[in-house]
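*Asks:* Residue numbers (my numbering): 2 to 71.
I'd like to ask you about the structure that follows.
Okay, structure coming up:
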């Protein structure tokens, strides 16, 4: 699993970090974003819907998993 550490970074930086990393990730791979900004809980799922990727949930506090679809 690929991990993007955005802890200590505020909105919109966790989304920008995720978006920058996405092109280097193979289709079907899962990215775990570590983000302690409270806005990430809403921003990451919304970004996935807008970009067509699968939001897999938050398996632990401050961690969000996204599957690259396209």
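Glycine residues also receive a C-beta, built at the ideal position from the N, C-alpha and C atoms.
DSSP puts residue 35 in a beta bridge; with which residues?
*Replies:* 6 and 64
*Asks:* Kindly indicate which residue of 32, 12 and 57 has the alpha-carbon position closest to the one of residue 39.
*Replies:* 12
*Asks:* Verify whether the separation of the beta carbon atoms of residue 53 and residue 31 is less than 8 Å.
*Replies:* Using a Cβ distance threshold of 8 Å, residue 53 and residue 31 do not count as a contacting pair.
*Asks:* If I measure Cβ to Cβ from residue 7 and keep anything under 7 Å in the same chain, skipping five residues before and after, which residues do I get?
*Replies:* 14, 15, 18, 34, 35 and 36
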